[in-house]
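Residue numbers are given in the working numbering: position 20 of the sequence shown equals residue 11, and the series is strictly consecutive. Okay, so here's the structure we're looking at.
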Amino acid sequence: FTLGFLKGITAPVKRVFVQHEIQFVVEYQRLMQRQHTKEDVYFYRLQRQQEINAMNACDAIITLSPDDKNKLIDNGVHAPIFASFAQISLHDIKITFPVKITKRLVFIGPESHMPNKQGMRWFLDEVLPLVRKEIPEIKVDVIGRWSEDTVKEWKEKYQTIEFLGFVDDLSHAISNRILIVPLFQGSGIRMKILEACNIGIPFVATSIGAEGLGFTDRENCFIADEADVFAKDVVTLINNNHLANDFINKSVCHIRNKFSDERFVESRMKCYLKLLEKNEKTCTMD
-8 FTLGFLKGIT APVKRVFVQH EIQFVVEYQR LMQRQHTKED VYFYRLQRQQ EINAMNACDA
52 IITLSPDDKN KLIDNGVHAP IFASFAQISL HDIKITFPVK ITKRLVFIGP ESHMPNKQGM
112 RWFLDEVLPL VRKEIPEIKV DVIGRWSEDT VKEWKEKYQT IEFLGFVDDL SHAISNRILI
172 VPLFQGSGIR MKILEACNIG IPFVATSIGA EGLGFTDREN CFIADEADVF AKDVVTLINN
232 NHLANDFINK SVCHIRNKFS DERFVESRMK CYLKLLEKNE KTCTMD
């Protein structure tokens, strides 16, 4: 469901758009990561303004994080904006401590989402060689659908990588591993981090990978944008099981506090009630 379809919805129906990923933010990130021409900048600005105009035609916008809400405000979106995370079923999984972290890393995400491939290529080229210097036997599992060509190319080139495809039981597939989230493009929130933390998996992510979730570097996870720091953090978690378990315990408390079903319903109802309240005031004034 895209912004374009909202043009066909007319009053009295309220047009509320849930902004999972701000396209002009992603396009700007891509623009800054490659050489670009004046024409590229022109088309970016055109796309950005079209997206902003479409959002301003809505009765309300719901973003998945306060970070995205602020980005929209800063870029001229004047429609009412509410921050409310996406629903995720966090089953009450019992984690048996201490969790024994193995020398395996895991990435979750399909190749079809371009930032996944770009981020993993950066990790494999820039980070993995540094990790292997300290832990030669390190393995990397990739969960999600990837093309046969990429699987063949990367398995030959990197050797320590395994593609697991779609898995029926995520909990079993990623247990005792470290989740890596090496993303440099995107907005919204990464649901895979919430799912992994709920299972009892520590993670290392880039700033964009961890954005919007409220995690704190070196308190309940590691957040790093430089290859050498990212590698060092991965090695630290593998070699320091006590720290890994501390991160697991704190991250589980964080997500079950902030992202429960009850908190989701509460945050969405606040959005809708405020919108209805605004509508009632307008009707009264009319």
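Backbone N, C-alpha and C fix where the C-beta goes; we use that ideal spot for every residue, glycine too.
query                                                                                                                                                                                       : result
In the DSSP assignment, find the beta strand (DSSP E) that holds Gln10 and state where it starts and stops.                                                                                 : 7 to 10
Going by other Cβ atoms of all chains shown within 10 Å of its Cβ, with 16 needed for buried, is Ala48 buried or exposed?                                                                   : exposed
On a Cα-Cα basis, can you pick out the residue from Val97, Asp65, Thr151 that is closest to Glu186?                                                                                         : Val97
With respect to the alpha helix (DSSP H) encompassing Val220, which residues constitute its N-terminal and C-terminal limits?                                                               : 218 to 230
Helix, strand or coil: how does DSSP classify Glu153 here?                                                                                                                                  : strand
With a 10 Å radius around its C-beta and 16 neighbouring C-beta atoms as the bar for buried, classify Pro127 as buried or exposed.                                                          : exposed
Tell me which residues share the same chain as Lys91 and place their Cβ nearer than 8 Å to its Cβ, disregarding the 5 neighbours each side in the sequence.                                 : Asn167, Asn232
Tell me which residues share the same chain as Asn211 and place their Cβ nearer than 7 Å to its Cβ, disregarding the 5 neighbours each side in the sequence.                                : Phe238, Lys241, Ser242, His245
Curious, which full-length beta strand (DSSP E) runs of at least 3 residues does the region 104 to 163 contain?                                                                             : 130 to 134, 152 to 156
State the Cα-Cα distance for the pair Ile72 and Pro120, rounded to the nearest angstrom.                                                                                                    : 43 Å
Does the count of Cβ pairs from the region 102 to 120 and the region 212 to 223 closer than 8 Å reach three?                                                                                : yes
Excluding the five sequence neighbours on either side, which residues of its own chain have a C-beta within less than 8 Å of the C-beta of Ser75, listed in chain order?                    : Ile53, Thr54, Leu55, Phe255, Ser258, Arg259, Lys261, Cys262
Measure the alpha-carbon distance for Ile0 versus Arg181 and round it to whole angstroms.                                                                                                   : 30 Å
Can you round the beta-carbon distance between Gly200 and Val172 to whole angstroms, since I take them to be within the 8 Å contact cut?                                                    : 4 Å
DSSP state of Val17, grouped into three classes?                                                                                                                                            : helix
Output yes or no for whether 7 Å exceeds the beta carbon distance between Leu228 and Ile169.                                                                                                : yes
Can you find a CB in chain D that lies within less than 7 Å of the CB of Leu121?                                                                                                            : Any reference to chain D falls outside this structure, which holds one protein chain only.
Does the region 127 to 140 come close enough to the region 98 to 116 to have 3 or more Cβ pairs within less than 8 Å?                                                                       : yes
Identify, in the order they occur along the chain, each residue of the same chain with its Cβ nearer than 7 Å to the Cβ of Phe114, setting aside the five sequence neighbours on each side. : Ile171, Pro173
Quick check on Val195: buried or exposed, where buried means 16 or more other Cβ atoms within 10 Å of its Cβ?                                                                               : buried
Have a look at the DSSP bridge pairing and note the partners of Cys212.                                                                                                                     : Asp208
Suppose you measure from the CA of Arg247 to the CA of Leu161; what does that come to, to the nearest Å?                                                                                    : 18 Å
Alpha carbon to alpha carbon, what distance is there between Met111 and Phe88?                                                                                                              : 30 Å
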